[in-house]
Amino acid sequence: MKLIGIETSCDETSAAVVENGGKILSNVVASQVHVHRRFSGVVPELASRHHVENVNWVIGAALKKSGIGKKDAARKISAVCYTRGPGLAGSLVVGQVAAQSFSLVYGLPLVSVNHIEGHLYSVLLKHRELKPPFLSLVVSGGHTELVIVRDFGKYRVLGGTRDDAAGEAYDKVAKLLKLDYPGGPAIDALSKRGNPAAVNFPRPYLWGSWDFSFSGIKTSVVNYVSKNKYRTEDVCASFQQAVVETLVNKTMAAAKAHNIKKIAVGGGVAANSLLRLEFKKAQKESGRTVFLPDTELCTDNAAMIACAGYYKFRSRDNKRSFKTAMSEGIEPSMKLEDWNAR
Ligand code: KG4
Ligand code: ZN
1223 MKLIGIETSC DETSAAVVEN GGKILSNVVA SQVHVHRRFS GVVPELASRH HVENVNWVIG
1283 AALKKSGIGK KDAARKISAV CYTRGPGLAG SLVVGQVAAQ SFSLVYGLPL VSVNHIEGHL
1343 YSVLLKHREL KPPFLSLVVS GGHTELVIVR DFGKYRVLGG TRDDAAGEAY DKVAKLLKLD
1403 YPGGPAIDAL SKRGNPAAVN FPRPYLWGSW DFSFSGIKTS VVNYVSKNKY RTEDVCASFQ
1463 QAVVETLVNK TMAAAKAHNI KKIAVGGGVA ANSLLRLEFK KAQKESGRTV FLPDTELCTD
1523 NAAMIACAGY YKFRSRDNKR SFKTAMSEGI EPSMKLEDWN AR
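If you count by the numbering used here, then the sequence shown holds residues 1223 to 1564, one letter each, in order.
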């Protein structure tokens, strides 16, 4: 079964064709980094305009790369999956209209997907053997969530960030240090030349809850650089050490507390080299298994939307979900919910 996915929730316009939720036949990503770089952040109005410019050719390229001609789409594709939320309203609407049009033109079912679910299921593109229950840490520019995946489409959210998402903290610290945008990869790269023990930034564990908080670390960096002479590499490495330690230790503690043997990680920050290394170390020490997506599938892409859409489409609830999807609006503040919750 081949599904097409369309993702436009933030600043990447992406379309992908994925077979049976696991085999990526194409995954085209048109990045807008060059548009937003000079603002050190995503400008929503510019993002939606660029999605409009890109979405048609990106879908066309994804079809072509997968070997499916436009005339064959109705026969060879089983459903159209798109990101309904959370994300920027003007960006989401472009992907939704494109997906609805595709669905109407080719007479295909429409499956709406939560962007967080996309990151959560992205690990299955590499590890099809991973079956629920597992614990998932979704860490991106917009989200930091710790979720127990009880079954496909059945979640228990343990906690989330109370302020900045981890990726947001990376981006803000990078901006403060006048580094490139997006900040995560820039800090990751510079940290390799820095001393992670140079500055002892706080580890905000918030024990007693499974929530996170990253604005305190960010403020500590602001205070430190305003009062001290410093090497940028050392501040980067020390900041990264504090963020990664917090994420890894808290996730492993949650797995232990809930007696969960399998842990998955997803979202842009899951591309971080130290995070990946520390999770691998924690796996050895704890006897639990940590599953990571391929690095290039951590940041926003449509393959993960087609993957999550596949599991949703084949679930018991699929008939209802694709019938109602055509009349659904976008949901910029969409929460992670069970598939049969509405
Ligand atoms: O998942 P994503 O593409 O978009 C959202 O859903 O937010 O994540 C983007 C975020 C940005 O904050 C970016 O700085 C961060 O992921 N990121 C990284 C790395 N690569 C991307 N953070 C740390 N280390 C990286 N290597
Ligand atoms: Zn994302």
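For glycine and all other residues, C-beta sits at the position ideal for the given N, C-alpha and C.
Small disclaimer: the values here were computed from a predicted structure and weren't measured.
>> On the CB-based measure, 16 or more other CB atoms within 10 Å of its CB, does Ala1296 come out buried or exposed?
In response: It is exposed - the Cβ of Ala1296 has fewer than 16 other Cβ atoms within 10 Å.
> Run through DSSP, which three-state label would Glu1550 get?
Replying inline: Note: Glu1550 maps to coil in three-state DSSP.
> Secondary structure at Arg1536, three-state DSSP: helix, strand or coil?
Replying inline: Coil, per DSSP.
> Where does Val1327 land, buried or exposed, given buried means 16+ other C-beta within 10 angstroms?
Replying inline: Val1327 should be labelled exposed.
> Just curious, the beta strand (DSSP E) that Glu1390 is in, first and last residue?
Replying inline: Here Glu1390 belongs to no beta strand (DSSP E); instead the alpha helix (DSSP H) covers 1388 to 1398.
> Are the C-beta of Phe1324 and some C-beta of chain B separated by less than 8 angstroms?
Replying inline: Among the protein chains of the structure shown there is no chain B, as only one such chain exists.
> Going by the C-beta, is Asp1456 closer than 7 angstroms to any heavy atom of the ligand ZN?
Replying inline: Outside the cutoff, so no.
> Is the distance from the Cβ of Arg1425 to the Cβ of Ala1464 below 8 angstroms?
Replying inline: Closer than 8 angstroms, so yes.
>> Would you say the beta carbon of Pro1355 is closer than 7 angstroms to some non-hydrogen atom of the ligand KG4?
In response: Taking 7 angstroms as the cut-off, one finds no heavy atom of the ligand KG4 near enough to the beta carbon of Pro1355.
> So is Asp1233 buried or exposed if we call it buried at 16+ other beta carbons inside 10 Å?
Replying inline: The residue is buried, with at least 16 neighbouring Cβ atoms inside 10 Å.
> Relative to the alpha-carbon of Gly1312, which residue among Val1333, Val1264, His1341, Ile1290 has its alpha-carbon at the smallest distance?
Replying inline: The residue from Val1333, Val1264, His1341, Ile1290 with its alpha-carbon nearest to that of Gly1312 is Val1264.
>> For a test of your reading of the model: does the CB of Ser1362 fall under 7 angstroms from any non-hydrogen atom of the ligand ZN? Yes or no.
In response: Correct: Ser1362 has its Cβ closer than 7 angstroms to the ligand ZN.
> Are there 16 or more other CB atoms within 10 angstroms of the CB of Glu1367, so buried, or fewer, so exposed?
Replying inline: Looking at its Cβ environment, which holds 16 or more other Cβ atoms inside 10 Å, Glu1367 is buried.
> For Lys1484, which beta-bridge partners are listed by DSSP?
Replying inline: Bridge partners of Lys1484: Thr1511.
>> With a threshold of 6 angstroms on Cβ separation, who are the neighbours of Leu1497 within its own chain once the five nearest residues in sequence on each side are excluded?
In response: In its chain, beyond the 5 residues on either side, Val1466 have a beta carbon closer than 6 angstroms to the beta carbon of Leu1497.
> Comparing alpha-carbon positions, which option in Ile1299, His1272, His1273 lies nearest Leu1572?
Replying inline: Here the chain comprises residues numbered 1223 to 1564, so residue 1572 is not present and cannot be evaluated.
>> I need the boundaries of the alpha helix (DSSP H) containing Thr1305, first residue and last residue.
In response: The continuous stretches of alpha helix (DSSP H) do not include Thr1305, which lies in the beta strand (DSSP E) extending over residues 1301 to 1307.
> Just the Cα atoms here: how many angstroms apart are Lys1503 and Lys1449?
Replying inline: If I take the Cα positions, the gap works out to 35 angstroms.
> Whose C-beta lies closer than 8 angstroms to the C-beta of Val1470 among residues of the same chain, with five residues either side of it excluded?
Replying inline: Hits under 8 angstroms: Leu1497, Glu1500, Phe1501, Ala1504.
>> With H, G and I counted as helix, E and B as strand and the rest as coil, what does DSSP make of Thr1230?
In response: If DSSP states are grouped into helix, strand and coil, Thr1230 belongs with coil.
> Looking only at C-alpha atoms, which of Ala1321, Lys1353, Gly1244 sits nearest to Lys1376?
Replying inline: Among Ala1321, Lys1353, Gly1244, the Cα nearest to that of Lys1376 belongs to Lys1353.
> Residue range of the alpha helix (DSSP H) that Leu1314 falls in?
Replying inline: Here the alpha helix (DSSP H) through Leu1314 covers 1311 to 1328.
> Taking C-alpha atoms, which residue in Arg1384, Gly1531, Trp1561 lies nearest to Cys1303?
Replying inline: For the residues Arg1384, Gly1531, Trp1561, the minimum Cα distance to Cys1303 belongs to Gly1531.
>> Applying the 10 Å Cβ sphere with the 16-neighbour rule, what's the burial state of Val1445?
In response: Looking at the sequence provided, one finds Asn at residue 1445 rather than Val. The residue is exposed, with fewer than 16 neighbouring Cβ atoms inside 10 Å.
> So Glu1367 is in the beta strand (DSSP E); what residue range does that whole segment cover?
Replying inline: Looking at the DSSP string, the run of the beta strand (DSSP E) that includes Glu1367 is 1366 to 1373.
> Which partner residues of Arg1378 appear in the DSSP bridge assignment?
Replying inline: For Arg1378, which the question treats as bridged, DSSP gives the partners Ile1370.
> Which one of Met1223, Gly1382, Ser1495, Val1369 has the shortest CA to CA distance from Leu1330?
Replying inline: Closest by C-alpha distance to Leu1330, out of Met1223, Gly1382, Ser1495, Val1369, is Met1223.
>> Taking contact to mean 3 or more Cβ pairs, one atom from each stretch, closer than 8 angstroms, check whether the stretch 1343 to 1352 and the stretch 1234 to 1245 are in contact.
In response: Contact between the stretch 1343 to 1352 and the stretch 1234 to 1245 is established, with three or more Cβ pairs separated by less than 8 angstroms.
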